[in-house]
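Residue numbers (numbering that gives the first Met the number 0): 0 to 309.
Ideal placement from N, C-alpha and C gives every residue a C-beta, glycine not left out.
All values reported here derive from a predicted model rather than from experimental measurement.
Working notes, beginning with the structure itself.
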Amino acid sequence: MDLSSFDPVVLITTMMIAATPILFAAIGELVVEKSGVLNLGVEGMMIFGAICGFMISVNTDSPLLGMCAAAIGGAVMALLFGFLTQYLLSNQVATGLALTLFGLGLSALLGQSYAGIKPPSTPKLDLPVLSDLPVVGPILFSHDLLVYFAIALVAAVWATLKYTRVGLILRAVGENHDAAHALGYKVVRIRLLAIMFGGACAGLGGAYLSLVRVPQWTEGMTAGAGWIALAIVVFASWKPWRVLLGAWLFGGVTFLQLYLQAAGLDVPVEYLSMSPYVITIVVLVIMSADKNKAAMNAPASLGKIFHATH
0 MDLSSFDPVV LITTMMIAAT PILFAAIGEL VVEKSGVLNL GVEGMMIFGA ICGFMISVNT
60 DSPLLGMCAA AIGGAVMALL FGFLTQYLLS NQVATGLALT LFGLGLSALL GQSYAGIKPP
120 STPKLDLPVL SDLPVVGPIL FSHDLLVYFA IALVAAVWAT LKYTRVGLIL RAVGENHDAA
180 HALGYKVVRI RLLAIMFGGA CAGLGGAYLS LVRVPQWTEG MTAGAGWIAL AIVVFASWKP
240 WRVLLGAWLF GGVTFLQLYL QAAGLDVPVE YLSMSPYVIT IVVLVIMSAD KNKAAMNAPA
300 SLGKIFHATH
């Protein structure tokens, strides 16, 4: 095995790119779960956003319009989940799983004629002096704009939840929807908005995959990224900055397994390919060892049905 070409700078820059789609999906799901809703359809919303963004970007030659279409597609898919769970009071777990299957199937149908097509390139931040700096330049000033937008979104969600009235109301609904309803807050409306926000973020994550990280359309290209995003929310104890850390951790492990494959490590490729998911599971098990602490961090009304007739 040849490790002479290993470059920590490349590791960090690639880690940030690999983490971005999961970061989008995870921060959106965190907001959804903070409102007391468990949406397991993240994978379906991501893959639907990936094909929506790809189709619009290819047909308009505009990555920006593609990203907007992906966010709208993910939000519409999430709205379907919200209608079923908040108005028809269907089971959130079963509905989320059905949403994933629906998204995978619909995206495969829509994407049949887009295989092998190259989308327009997404511009990168290119600051003349800063981008050329050693070490710092490639890590901080050489990414596409969506990498910075994802980090800014984490900061915005953290500040909103911690310092604003909107964040306080959202957390109140997630902790005790009956008390929030008694105070006059529209629980269903608030949850629907949170669900749509989560869907838009998942759609952006999917579009980042199809337009930037792997600029092509491939059926099932999310490859479990939505499930990893769900796991990272738990790993992060429902805290935004820990979501960023978890996404970067997974992104780093993903790059390492690809690098070790290229370096010729004498281990079956299948074991290396599944290593990021195994490590994620191990971290979750460790984080969940203290069940009382894990339960304290989770929103108290998470997954519980709200009856507006109370």
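As assigned by DSSP and simplified to three states, the class of residue i
i      : result
Lys117 : coil
Asp143 : strand
Lys123 : strand
Val134 : coil
Lys185 : coil
Glu218 : coil
Ala230 : helix
Val36  : coil
Trp247 : helix
Phe305 : coil
Trp237 : coil
Val213 : coil
Gly223 : coil
Ser313 : The structure shown has nothing for residue 313, since the chain only spans 0 to 309.
Val193 : Here the sequence assigns Ala to residue 193, which means Val is not the residue at that position. Helix.
Phe148 : helix
Ser300 : coil
Leu87  : coil
Val128 : coil
Contacts around residue i, its chain only, beta-carbon distance under 6 Å, and the 5 residues preceding and following it disregarded
i      : result
Ser274 : Gln256
Leu109 : Ile50
Leu126 : Phe140
Option nearest residue i by Cα separation, candidates the options
i      : options                       : result
Gly115 : Leu160, Val128, Gly202, Phe53 : Phe53
Val172 : Ala70, Val211, Leu98, Leu191  : Leu191
Ala155 : Phe196, Lys185, Leu124        : Phe196
Glu218 : Leu167, Leu203, Met45, Ile278 : Met45
Lys238 : Leu87, Ala297, Ser112, Thr59  : Ala297
Trp226 : Met14, Asp6, Ala25            : Ala25
Ser112 : Gln215, Trp157, Leu167        : Gln215
Gly202 : Val284, Val92, Val8, Gly102   : Gly102
8 Å Cβ cutoff, residue i in contact with chain B
i     : result
Asn38 : No chain B is part of this structure, which consists of one protein chain only.
Residue i CB to nearest heavy atom of the ligand NAP below 7 Å
i      : result
Tyr184 : As presented, the structure is devoid of all ligands, the ligand NAP included, so that no description of it is given.
For residue i, the first and last residue of its enclosing alpha helix (DSSP H)
i      : result
Asp57  : This sequence places Val at residue 57; Asp is not what is there. Unbroken alpha helix (DSSP H) run through Val57: 41 to 59.
Thr94  : 91 to 109
Arg170 : 164 to 174
Gly81  : 62 to 81
Pro20  : 7 to 33
Cβ neighbours of residue i in the same chain (closer than 7 Å, five flanking residues each side left out)
i      : result
Arg170 : Lys33, Leu160
Glu28  : Asn38, Val41, Gly197, Ala228, Leu229, Val232
Ser89  : Leu83
Ile304 : Leu88
Ala398 : A question about residue 398 goes unanswered here, because the residues of the chain that appear run from 0 up to 309.
His309 : Low confidence applies to His309: its pLDDT is 47, below 50, so where it sits in the model is not reliable, and the reading given next is rough at best. Contacts found: Asp177, His180.
Own chain partners of residue i with C-beta closer than 8 Å, once the 5 adjacent residues on each side are dropped
i      : result
Thr12  : Pro137, Ile138, Ser141, His142
Leu124 : Ser130, Phe140, Ser141, His142, Asp143, Leu144, Tyr147
*asked:* Any contact between the segment 16 to 25 and the segment 232 to 247? By contact I mean 3 or more CB pairs, one from each, below 8 Å.
replied: yes
*asked:* Does the structure place the segment 197 to 215 close enough to the segment 61 to 74 that three or more beta carbon pairs sit under 8 Å?
replied: Touching, per the Cβ criterion.
*asked:* So, does the segment 38 to 46 touch the segment 96 to 107, judging by three or more C-beta pairs under 8 Å?
replied: yes
*Counting pairs of beta carbons, one from the segment 122 to 141 and one from the segment 67 to 81, are three or more of them closer than 8 Å?*
no
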